[in-house]
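Colleague: My questions will all concern the structure given below.
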Amino acid sequence: MREMNSPGAAVTMAATLLLLVASGCTGSRMAAELTDLGYEWVPIPGGTYMMGDTWEGTNPDAVPAHPVTVPDLDVSRYETTVAQYDWFTSRTGRPMWQPDNPNRGARAISEVVWQEAVDFCAYIGGRLPTEQEWEYLAAGGTEKQKFPGTDSAEEVEYYARYRENALAEAFVVGSREPNRFGLFDMGGNVAEWISAYYEKYPAPGQEPIWHDLETFDMRLVRGGGFSSELAVTAIYWRAGTLQDIRSPSIGFRCVRDR
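The opening position of the sequence shown corresponds to residue 1 in our numbering, with each subsequent residue numbered one higher.
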């Protein structure tokens with residue numbers, strides 16, 4: 001083993017320090033660029049809640065309700081926008097998203113496949129939320145609200161863009177009211193890609209069986225989109241689709257471990 005006071009060790013240590021400084025500068029520059037594009041991380045305290053349809057208990061995909069513990073997280077206040085995704089493609093050399101589409105800027109990104117959403121989140125130091133995390137974020141914490149921001153179906157229009165109050169395209173993010181965590185568009189606008197999930201909710205006393213993301217192409221989206229019915233914006237509603245589908249009503253947002 002080389003002694004730490006040897007010339008070679010000193011050079012190695014100096015090189016390591018330079019790499020760390022460079023990495024920090026790059027990270028700071030990236031954070032500044034994202035902030036300029038409206039990207040904002042919101043710190044969320046973790047907690048334990050009852051996941052699933054705890055209201056009517058009639059949605060077969062969302063029962064039985066079961067306790068889930070979510071860790072402390074950072075989450076994007078808004079759905080990922082076209083401008084932010086343009087920034088990502090310009091930095092990584094990927095093809096520009098729909099270069100002929102004039103609707104850019106702060107409009108929610110859509111028509112990206114699951115892996116592209118995964119790659120964006122990883123690039124900025126985050127990841128897609130698990131289904132358990134997403135529902136907790138949409139519900140506003142341990143004391144859940146049925147819809148993101150409200151328990152009343154009559155008030156959903158103030159919090160979500162869905163079939164009854166939207167056009168046939170994704171909207172500028174944040175055009176409705178935020179939920180209790182200060183997060184916008186957790187219901188409606190575009191549905192959001194989910195990372196890990198289990199296909200069926202576990203019965204009492206059973207361990208959940210997690211979906212095999214490596215073997216199967218099926219993925220989940222949550223929250224509903226501009227073309228969804230009101231019921232789909234409920235925080236427990238689940239929808240499955242193939243991971244390589246490009247839909248004008250599917251986008252994503254990222255979370256980050258703390």
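Every residue gets a Cβ at the ideal spot worked out from N, C-alpha and C, and that includes glycine.
#1: Output the distance between the C-alpha atoms of Ala-153 and Ala-139, rounded to the nearest integer angstrom.
#2: Taking the alpha carbon of Ser-90 as the reference point, which residue from Leu-34, Trp-237 and Gln-145 has its own alpha carbon closest?
#3: With distances taken between CB atoms, is the gap from Thr-241 to Gly-187 smaller than 8 Å?
#4: Considering only the alpha carbon of each residue, which of Ser-249, Asn-103 and Lys-200 lies closest to Glu-131?
#5: What does DSSP give as the partner residue(s) for Met-51 in the beta ladder?
#6: Where does Thr-150 sit, in a helix, a strand or coil, going by DSSP?
#7: Curious, which full-length beta strand (DSSP E) runs of at least 3 residues does the region 216-250 contain?
#8: Which of helix, strand or coil does DSSP assign to Glu-192?
#9: For Ile-250, which option in Ile-109, Asp-74 and Tyr-78 has the closest C-alpha, if you only look at C-alpha atoms?
#10: Evaluate Ala-22 with the Cβ neighbour count: other Cβ atoms within 10 Å of its Cβ, from every protein chain shown; 16 or more gives buried, anything less gives exposed.
#11: Tell me where the alpha helix (DSSP H) around Arg-91 begins and ends.
#12: So which of Asp-36, Glu-40, Ser-28 and Thr-26 has the shortest CA-CA distance to Arg-256?
#13: Report all residues from its chain with a CB closer than 6 Å to the CB of Arg-107; omit the five preceding and five following residues, and keep chain order.
#14: Taking C-beta to C-beta, are Pro-129 and Asn-179 nearer than 8 Å?
#15: Which two residues bound the contiguous alpha helix (DSSP H) that contains Val-255?
#16: Out of curiosity, what's the CA-to-CA distance linking Glu-164 and Thr-215?
#17: Pick helix, strand or coil for Leu-37, following the three-state DSSP scheme.
#18: Would DSSP call Asp-72 helix, strand or coil?
#19: Spatial neighbours of Leu-19 within its chain, please: C-beta separation below 7 Å, excluding the five flanking residues on both sides.
#20: With the cut-off set at 8 Å, would you say Asp-74 and Arg-258 are in Cβ contact?
Modeller: Judging by the given coordinates:
#1: 14 Å
#2: Leu-34
#3: no
#4: Lys-200
#5: His-66
#6: strand
#7: 218-222 and 238-242
#8: strand
#9: Ile-109
#10: With a pLDDT of 45 at Ala-22, under the threshold of 50, the predicted position of this residue should be treated as unreliable, though the coordinate-derived value follows. When all chains shown are included, Ala-22 counts as exposed.
#11: 82-92
#12: Glu-40
#13: Val-82, Ala-170 and Val-172
#14: no
#15: Val-255 -> not in any alpha helix (DSSP H); beta strand (DSSP E) instead, spanning 255-257.
#16: 37 Å
#17: coil
#18: coil
#19: Residue placement at Leu-19 cannot be trusted, given a pLDDT of 43 that sits under 50; the coordinates are not used to answer.
#20: yes
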